[in-house]
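Step one of this worksheet: look at the structure below.
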Amino acid sequence: MSKCRKCGRTLPERAGPGRKPAYCSPGCRRAAEYELRRIQRALEALEDEHRDIRLNWSQVFADRLPLLEAERDRLETRLRELLDDDTETHA
Ligand SMILES: [Zn+2]
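In numbering that gives the first Met the number 0, the protein residues as written are 0 to 90.
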């Protein structure tokens, strides 16, 4: 049983070949695209800050690095949920 990647609602099973729908509605698909762009921007900002601290401020702000890494992992997990494609088979 697959679920809408945006709101989590159960999607109707569709018989036959073809790509399974990932979202329950066009609204959820659009909202997911918007969320993806926001996540990408947030990840870029995190990576820039992480690099800046590593290169320039490691003596002062080193304790921020694990926080930035945890946030990056959280965002990447969500990114994968949104992007995961249905060619993957769950046996
Ligand atoms: Zn939905």
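All C-beta atoms in this analysis are idealised placements derived from N, C-alpha and C, irrespective of residue type, glycine included.
>> So, at 8 angstroms on beta carbons, what are the nonlocal neighbours of Glu75 in its own chain, with the 5 sequence-adjacent residues on each side left out?
In response: Leu42
> Can you list every residue whose CB sits closer than 6 angstroms to some heavy atom of ligand 1, going in chain order?
Replying inline: Cys3, Lys5, Cys6, Arg8, Tyr22, Cys23, Ser24 and Cys27
> Residues in its own chain within less than 8 angstroms of Arg28 by CB, not counting five upstream and five downstream?
Replying inline: Cβ within range, chain order: Lys5, Ala21 and Tyr22.
>> Closest to Gln39 by C-alpha separation, out of Lys2, Gly7 and Glu70, would be which residue?
In response: When C-alpha distances from Gln39 are compared across Lys2, Gly7 and Glu70, the shortest belongs to Glu70.
> For Lys2, which beta-bridge partners are listed by DSSP?
Replying inline: Thr9.
> Roughly how many angstroms separate the alpha carbons of Leu81 and Ile52, rounded to a whole number?
Replying inline: About 29 angstroms.
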